[in-house]
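Take the sequence shown: its position 170, counted from the start at 1, is 170 in my numbering, and no numbers get skipped.
From the three backbone atoms N, C-alpha and C, an ideal C-beta is built for every residue, glycine too.
Small disclaimer: the values here were computed from a predicted structure and weren't measured.
For reference, the structure is listed below as C-alpha cells.
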Amino acid sequence: LQLQIARRSAIKISDADILDSIDRIANANKLSSEKFLAVLQKDGVTLKSFKKSIRDQMLVRRVQSSYVHHEVKVSEQEVASFLKLLMQSQGDQSTEYRLGHILIATPEDASPQQIEKAKKKADRIINSLNNGRKFSTLSIAQSDANNALEGGDLGWMKLAQMPSLLTPYVEKMEAGEHSTTIQSPSGFHIIKLFETRGQQKVMVTKTHVRHILLKINALVNDKIAQERLLNIKERLENGEDFTLLARTNSEDRGSAISGGDLDWVQPGALVPAFETAMNALEINQISLPVQTQFGWHLIQVLGREQQDNTQLMRRSQARSQLQKRKADAAIETWLTKLRDEAYVEYRLNN
1 LQLQIARRSA IKISDADILD SIDRIANANK LSSEKFLAVL QKDGVTLKSF
51 KKSIRDQMLV RRVQSSYVHH EVKVSEQEVA SFLKLLMQSQ GDQSTEYRLG
101 HILIATPEDA SPQQIEKAKK KADRIINSLN NGRKFSTLSI AQSDANNALE
151 GGDLGWMKLA QMPSLLTPYV EKMEAGEHST TIQSPSGFHI IKLFETRGQQ
201 KVMVTKTHVR HILLKINALV NDKIAQERLL NIKERLENGE DFTLLARTNS
251 EDRGSAISGG DLDWVQPGAL VPAFETAMNA LEINQISLPV QTQFGWHLIQ
301 VLGREQQDNT QLMRRSQARS QLQKRKADAA IETWLTKLRD EAYVEYRLNN
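Written as C-alpha cells, this is what we have:
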C-alpha cells in the first residue's frame with residue numbers, strides 16, 4: 001500500500017540516486033561496487049531486481065519521511081525525562097549491544113499461505129547465514145525493514161531500549177551469533193548480535209584550526225590558486241602574520257574577518273578532505289594547498305585537546321531512540337489511515 005502511494009506521488013528516484021545508493025552500500029560493506037554486486041549475484045539477486053528493490057525502498061522512505069517530518073518532534077524535556085527513566089529502570093546495567101535486524105514482512109491480515117511463504121524465506125536466510133553468508137548483504141537483498149539498505153544495523157542500544165520482542169533472545173546470545181526466526185504480527189525477524197561493550201567515556205579530539213581559502217572561478221583555475229597559496233605559505237614561513245594574510249586573501253567570508261580562525265571543531269564538523277589534511281598536521285604546522293569542494297585551502301592547526309562527549313552522546317542516542325519510536329508510531333497511524341481509506345474506496349467502488 002505504501003509503495004502504491006509512493007508510485008502515485010510526484011516523488012522520483014533517478015538512476016543516479018540508485019547508483020549512489022549502491023556505492024554507499026558497497027562502501028559500508030568494505031567492497032567495491034563491482035565486488036558487492038558479484039556477492040549479490042552469488043546469492044541469486046540480479047542487478048535488475050536489486051535496483052528495483054532499492055528504488056522501491058527509497059520511494060517508500062521518502063513518502064514516509066515527507067509525512068513523518070511534520071509529525072515527529074522531540075523536545076529537550078522529553079530527552080531529559082527519557083534519560084531519567086532509563087537510569088531508573090536500568091540501575092547499574094551498562095552493557096550495550098549492537099544488533100542487526102532482518103524482517104520478512106507479512107500483511108496485516110495474512111493468509112496461512114502467505115505466512116508459510118514468509119517463514120520459508122526466513123528459513124532460507126537462516127540457512128545462508130549458517131553457511132557463512134554476510135548478514136548485512138542478506139539484509140540489503142532480502143529484508144523488508146526500513147533499515148535494510150544499512151545492512152540491518154540497529155546501532156548500539158541497551159536492553160531497556162530494545163523492542164521487548166527481541167530482549168529474551170539478545171540476553172542469551174554471544175557476540176557474532178544470530179537468532180532463529182522470531183515471529184510477530186508484522187512478520188518474521190532474524191537478529192544478529194554483532195558486538196557488545198560496557199558503557200565507557202566517549203572522548204573526542206577537538207582541534208583549533210584556521211585556514212585561508214581561494215575559490216575557483218573564471219579567472220582563477222586550480223593551478224593559479226595553488227601557486228598563490230604556495231606564495232602565501234612561503235610568506236608565512238618567512239614570518240608574516242597569518243591573521244593579516246587571511247584577512248586580505250581568504251575568500252571564506254565567515255572566517256576571514258577573524259584571521260581565518262574556525263575556532264575549536266569536533267570530528268565530523270568539516271568536510272572529509274579538509275579534516276583529513278588537518279588531522280595529519282602537527283601543532284602550528286601549515287599545510288600544502290588542500291582541495292575541497294569549496295576551493296583550495298592553506299590549513300594551520302593551533303591546538304588539540306580531548307573532550308568528554310559521554311553525556312552529549314547519551315543525549316544524542318536518547319533523542320534518536322525517541323525519534324524512532326515517534327516515527328514508528330506516526331507511520332503506523334498513517335498506514336492505518338491509508339488502509340481505512342483504501343477499504344472505503346473499495347466498498348464504494350463495489
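CB contact flag (residue i, residue j, <7 Å)
i	j	result
Ala122	Thr181	yes
Glu195	Arg124	no
Ala145	Leu193	no
Gly152	His189	no
His211	Gly254	no
Thr207	Arg325	no
Val72	Ala330	yes
Ala105	Gly44	no
Pro267	Val204	yes
Ala318	Val79	yes
Leu322	Phe82	yes
Sequence-distant residues of the same chain with beta carbon closer than 7 Å to residue i, five excluded per side
i	result
Leu47	Leu37
Ser75	none
Ile13	Arg55, Met58 and Leu59
Leu236	Phe242, Leu245 and Ile286
Asp92	In this prediction, Asp92 scores a pLDDT of 44, lower than 50, which makes its location untrustworthy; no coordinate-derived value is stated.
Lys51	Ile18
Status (buried if at least 16 other CB within 10 Å, exposed otherwise) for residue i
i	result
Leu262	buried
Ala246	buried
Gln316	In the sequence as displayed, the identity of residue 316 is Ser instead of Gln. Ser316 is exposed by the Cβ-count criterion.
Leu229	buried
Asn127	exposed
Val271	exposed
Ile257	exposed
Ile232	buried
Thr357	The requested residue 357 does not occur in the structure, where the chain is confined to residues 1 to 350.
Val344	In this prediction, Val344 has a pLDDT of 46, which is less than 50 and means its spatial position is unreliable; what the coordinates show is noted afterwards. So Val344 counts as exposed.
Thr248	exposed
Gln41	exposed
Ala16	exposed
Thr333	exposed
Same chain, Cβ closer than 8 Å to residue i, neighbours up to 5 away in sequence not counted
i	result
Ala110	Ala118
Tyr169	Ser179, Ile182 and Ile191
Ile283	Val301, Leu302, Gly303 and Arg304
Phe274	His211, Val290, Thr292, His297 and Ile299
Glu177	Lys192 and Leu193
Residues that residue i bridges to, as DSSP identifies them
i	result
Thr205	Gln306
Ile140	DSSP, once it has assigned bridges, lists no residue as partnering Ile140.
Tyr97	Met157 and Thr196
Ile190	Ile102
Thr292	Gly295
Asp265	The sequence given here has Val at residue 265, not Asp. Answer by DSSP bridge pairing, in chain order: Thr207.
Val79	DSSP output for Val79 lists no bridge partner at all.
Val39	Partner(s): none; Val39 has no beta bridge.
Residues of its chain near residue i, where Cβ-Cβ distance is below 6 Å and the 5 sequence neighbours each way are ignored
i	result
Leu154	Leu99 and His101
Leu129	His178
Ser250	Ile212, Leu213, Ala256 and Gly260
His22	Checking the sequence, you will find Ile at residue 22 rather than His. Hits under 6 Å: Ser33.
Count the C-beta pairs between the segment 159–177 and the segment 131–144 that are closer than 8 Å, then say yes if the count reaches three, no if not. no
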